[in-house]
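Chains A and B, in that order, give the protein sequences.
Going by full-length UniProt numbering, 89 is the number at position 89 of the first sequence; the sequence numbering is gapless.
Going by full-length UniProt numbering, 301 is the number at position 301 of the second sequence; the sequence numbering is gapless.
Ideal Cβ positions, reconstructed from N, Cα and C, are used throughout, including at glycine.
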Amino acid sequence: MTATAEPLLSVRDVTMTFPGKRGRAAPVRAVDGISFEVAAGETLGLVGESGCGKSTTGRMIVRLLEPTAGSITYDGRDISHLRQRELKPLRRDLQMVFQDPHSSLNPRQTVARIIADPLLVQGHSAAEARKRAAELMALVGLIPEHIDRYPHEFSGGQAQRIGIARSLATGPRLIVADEPVSALDVSVQAQIVNLMERLQRELGLAYLFIAHDLSVVKRVCDRVAVMYLGRIVEVGDKERVYTAPAHPYTRALLSAVPLPDPAAERQRERITLLGDPPSPAAPPPGCTFHPRCPKAREICRSEAPRLRIAVPGEARQVACHFPEEP
Amino acid sequence: MAAPQPPLLHVKDLNVTFPTKHGPARVVDSLALTVHRGRTLGIVGESGSGKSVTSMAVMGLHTDAEVTGSITLDGRELVGLPERELRRLRGRRMAMIFQDPLSSLHPYYTVGEQIAEHHRVHFGSRRAAARRRAVEMLGEVGIPEPARRAGEYPHQFSGGMRQRVMIAMALACEPELLIADEPTTALDVTVQAQILELIARLQEERGLAVVMITHDLGVVARVAQDVLVMYGGRVAEQAPVDSLFAEPAHPYTRGLLDSLPRLDDGDDQPLRAIPGSPPSLLTPAPGCAFAPRCPRAAAATPADRARCTGTRPELTPSHGHLVACHLSLHTAAHTCGGTR
Chain A
1 MTATAEPLLS VRDVTMTFPG KRGRAAPVRA VDGISFEVAA GETLGLVGES GCGKSTTGRM
61 IVRLLEPTAG SITYDGRDIS HLRQRELKPL RRDLQMVFQD PHSSLNPRQT VARIIADPLL
121 VQGHSAAEAR KRAAELMALV GLIPEHIDRY PHEFSGGQAQ RIGIARSLAT GPRLIVADEP
181 VSALDVSVQA QIVNLMERLQ RELGLAYLFI AHDLSVVKRV CDRVAVMYLG RIVEVGDKER
241 VYTAPAHPYT RALLSAVPLP DPAAERQRER ITLLGDPPSP AAPPPGCTFH PRCPKAREIC
301 RSEAPRLRIA VPGEARQVAC HFPEEP
Chain B
1 MAAPQPPLLH VKDLNVTFPT KHGPARVVDS LALTVHRGRT LGIVGESGSG KSVTSMAVMG
61 LHTDAEVTGS ITLDGRELVG LPERELRRLR GRRMAMIFQD PLSSLHPYYT VGEQIAEHHR
121 VHFGSRRAAA RRRAVEMLGE VGIPEPARRA GEYPHQFSGG MRQRVMIAMA LACEPELLIA
181 DEPTTALDVT VQAQILELIA RLQEERGLAV VMITHDLGVV ARVAQDVLVM YGGRVAEQAP
241 VDSLFAEPAH PYTRGLLDSL PRLDDGDDQP LRAIPGSPPS LLTPAPGCAF APRCPRAAAA
301 TPADRARCTG TRPELTPSHG HLVACHLSLH TAAHTCGGTR
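Following this line, the structure appears as C-alpha cells:
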C-alpha cells in the first residue's frame, strides 16, 4: 500500500462520448459515468461483454483516450486532461498489455528494440536499455540470447511475454491488461496467467485486468467490476461477487459460463437471457439492462439505478432497484 | 453404448496433406471418428490441431489438399466423389456453420433470399414456396418477426442473430449431419448460451447428428456425449464425455483440464500450465507430437522417453477410451497404483 490511504488509481464519474460517424449518426456514449478505485499492488478485474465499454475504460486510464467528463486520478494527481508532453513522465508508471501479441509488436523491430524502446524514449542510453531488455526477457521467461530475433520467430505465448516485458521496462506500478490471454491457446493461457501473478508478487504491481472470460478473471483478481452498456452494474470483492452475485446481469453472466465438468453442467440451473446486448448508440431508458432482465418492473424502465451498497457492512456496490438478497 | 443403427458418419484413416513452399504438410494424420444420429461429437483442440481441416474434409471443401482415406455418410463413400455429386449432398444431407457468420453470409442479398436459394437449388422449389420456407426457418431458430426480417440484409442483424440465420440456412433442407465449427467463439457468453440451447433443441426435434468443434472444454462438457481430443493433426484421445473429464488417459487431456482456471474451484494454487507451445505441422516430430511438452515423457526412463520421441503411439482401446500414448495414465493407474 502507499503511505497515505489514497488509492493508486481513482476513477470518478468518467464518461467517454464518441462523435457519431461522419457527424450524422448520434454520438455514442461508450462509457457512462463510471467510478472505481485500484489500490497499489491489487488486481481489479473489469468484465463484461463486447461493447460494454471495458476497453475504452482501459484506454482512458492509460490516457490513450481523453475522457469527455469526470476525473481520473493517479497517485493523487488528476491526469484526465494532461497534454502529450505532460503525459510522458506518467507513461513510466502506467503501462498497457494488449490482446493480440503479434499485432501489438512491430514486426520490423527486433525484440531488443521493442523492449528497449520505452527506455530510450525516457532518455536511457542505448547500451543501458539493451542490457535492461535482456534482463527483462529473463524475468518473463524468455531466453535472453533471442534478443536480436523478430516477433514472427516467436509463438503467440512467447510474443505475449515480449509484450509484458515491454510494459515492465520503465518499472510501472499499474498495468492495464486488455484481454491479455484471450488470443492464446488454452494450454498457453495458464502460462501467462501464472507469469502475471508471479510478476505482481515480485514487483508489487497493480493490475486493471480487462477480460470477457469470467473464469480467468476469477483466477487473477482481488476485486471485480462488472460492466454493462457503459456502466458498472456491480463491483466488489471477488469472493462475494462470484459466490453471491447481487445484480441479475452478474447472475446470468455467471450461469452462462460453460463449466468443464459434464456432470455439473447437467445439474446446473441456467438463467438464459433473452436478446442481445443493446447498442450503446441507442441505450434503453432507465436501467439499461431492463429489456433483458427477468426481474424488471415499472421503475426499471424509467429510472436508472445508482451504484450503491447492496448489503450493509459489505464493500460491494450494485446498481439495481431489486438486487438479489444474500 | 453403441447405438443399434450404423453410424451416420464414419471416418477412417483420414489424411489431409497440403502442398506448401517447404514441402507437403500433413495436417490431419490417420484420423478416425464416428457420429451417430441424435448424438453430438465434440472435437477439442488448439489452433493447428487439425480440427477444422477435418471438418472441411468431411464437407469435401478442400480443393488444394490431398485427401485420402475413407469418409462415409450413411454408408456412402465421399472421398473421391466428383464435385457435382458432393454439391448435391452439401446443404442437403450435411451442413456446416462457422465461427464468423458475417463473413459466411453474402452482404448483397437479404437473408431470406440466401436461405431460399438453398431450398430452390436442392428441391427445385418455386420462389414463393422457397421464400415461405425461409421465413418458417427464421421463425424456427427464434428470430422475432421472421417475415419482416427475411427482407433484411446480414449487416442489420446482431452477431447472435446472424448465427441463428446461419443455422436456419444450414437446416433449411433438413440435413442429417450438422458440423458446427466454433459456432459460439465470436459471441458473448450470454448469447453463446442461447445458441447452444438452440442447437440442442433443433437436434432433439430433428434427430440431427452434430459435430461440435471447439477449443472450449466447457462447451464440450455442456453439449457433447462423445469427445475427440486432437493434438498436432492426430487423435490423442477419444472417450464418452463423463469418462474423459473424470479419467483422462492422455497426458495432454489431463494437462488441458489441469491448466484451466475454474469458476467452480478455489484459486489459491498456481495454475498447472502445460509448458511450451503447440507443435508446427511443417516439421512433425517422428514420435508423439506431445512428447516435447509431456510431463510423463519428461519423468520417464530413458528407454520410455526414446519411445515417446521416436515412435508414433497408435490409438489403442483402454477402459472405454481410445488413447494414443505410450505412457497412458490409465495403464499407470492399473499397473503401478495410480501415481500422478
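| Check | Outcome |
| --- | --- |
| Contacts of residue 72 of chain B in chain A (Cβ-Cβ under 9 Å) | Going along chain A, no residue has its Cβ under 9 Å from residue 72 of chain B, so there is no contact; the nearest lies around 29 Å. |
| Chain B within 8 Å of residue 284 of chain A, Cβ atoms only | no |
| Residue nearest to residue 287 of chain A in terms of C-alpha spacing, selected from A:265, A:137, A:323 | A:323 |
| Inter-residue spacing [alpha-carbon to alpha-carbon] between residue 35 of chain A and residue 73 of chain A | 11 Å |
| Test: residue 190 of chain B CB closer than 8 Å to a CB of chain A | yes |
| Range covered by the alpha helix (DSSP H) that runs through residue 119 of chain B | 111-123 |
| Neighbourhood of residue 54 of chain A by C-beta, 6 Å cutoff - its chain only, sequence neighbours within 5 removed | 46, 48, 210, 227 |
| CB-CB length for residue 65 of chain B against residue 282 of chain B, believed under 8 Å | At roughly 14 Å, the Cβ-Cβ gap does not stay under 8 Å, so residue 65 of chain B and residue 282 of chain B are not in contact. |
| Residue 191 of chain B versus residue 99 of chain B - alpha carbon distance | 13 Å |
| Contact residues within the stretch 45-66 of chain B, judged by C-beta distance below 7 Å to chain E | Among the chains of the structure shown, chain E does not appear; the protein chains present are A and B. |
| Short Cβ contact (8 Å threshold) for residue 18 of chain A with residue 26 of chain A | no |
| Between the CA atoms of residue 243 of chain A and residue 314 of chain A - distance to the nearest angstrom | 14 Å |
| The stretch 250-263 of chain A in contact with the stretch 274-281 of chain A per 3-pair CB rule at 8 Å | no |
| Nearest-angstrom Cβ-Cβ length linking residue 69 of chain B and residue 13 of chain B, presumed shorter than 8 Å | 4 Å |
| Cβ-heavy atom distance, residue 199 of chain B to the ligand HEM, below 7 Å | This structure simply doesn't include the ligand HEM, nor any ligand for that matter. |
| Near-chain B residues of the stretch 232-257 of chain A - C-beta to any C-beta below 9 Å | 238, 242, 249, 252, 253, 254, 255, 256, 257 |
| Beta carbon of residue 105 of chain A nearer than 8 Å to that of residue 151 of chain A | yes |
| Beta-carbon proximity check, residue 174 of chain A vs residue 8 of chain A, cutoff 8 Å | yes |
| Short Cβ contact (8 Å threshold) for residue 35 of chain B with residue 209 of chain B | yes |
| Given residue 28 of chain A as reference, the closest of A:172, A:38, A:147, A:16 once Cα atoms are compared | A:16 |
| Alpha carbon of residue 3 of chain B to alpha carbon of residue 240 of chain B, nearest angstrom | Legend: pLDDT at residue 3 of chain B = 48, less than 50; position of this residue unreliable, value from coordinates given subsequently. Near 13 Å, if we compare the C-alpha coordinates of residue 240 of chain B and residue 3 of chain B. |
| 6 Å CB neighbourhood of residue 336 of chain B in its chain, flanking five on each side removed | Here the model assigns residue 336 of chain B a pLDDT of 42, short of 50, so the residue's position is not dependable and the matter cannot be decided. |
| Separation of residue 266 of chain B from residue 2 of chain A, as counted between CA atoms | Its pLDDT being 39, under 50, residue 2 of chain A is placed unreliably in this model, and the value from its coordinates should be taken loosely. Cα to Cα, the separation comes out at about 29 Å. |
| Helix, strand or coil at residue 131 of chain A according to DSSP, with G and I counted as helix | helix |
| Against chain A: residues of the stretch 262-275 of chain B by CB proximity under 8 Å | 262, 263, 264, 267, 270, 271, 272, 273, 274, 275 |
| Cβ-based burial, residue 21 of chain B [other Cβ within 10 Å; buried from 16] | exposed |
| Local conformation of residue 55 of chain A per DSSP, three classes | helix |
| Extent of the continuous beta strand (DSSP E) to which residue 29 of chain A belongs | 28-38 |
| Distance between residue 136 of chain B and residue 296 of chain A (C-alpha atoms, nearest Å) | 31 Å |
| Secondary structure of residue 340 of chain B, DSSP reduced to three states | Residue placement at residue 340 of chain B is poorly supported in this model, since its pLDDT is 38, which falls under 50; the coordinates still yield a value, given next. DSSP places residue 340 of chain B in coil when its eight states are reduced to three. |
| Beta carbon proximity, residue 55 of chain A to chain B, threshold 8 Å | no |
| Distance, residue 154 of chain A Cα to residue 192 of chain A Cα | 15 Å |
| Residue-chain proximity (residue 25 of chain A, chain B), Cβ-Cβ < 8 Å | no |
| For residue 52 of chain A, the nearest candidate out of A:302, A:291, A:278 (CA to CA) | A:278 |
| CA nearest to the CA of residue 267 of chain A, picked from B:293, B:322, B:221, B:311 | B:221 |
| Chain-ordered chain A contacts of residue 194 of chain B [CB-CB under 7 Å] | 272 |
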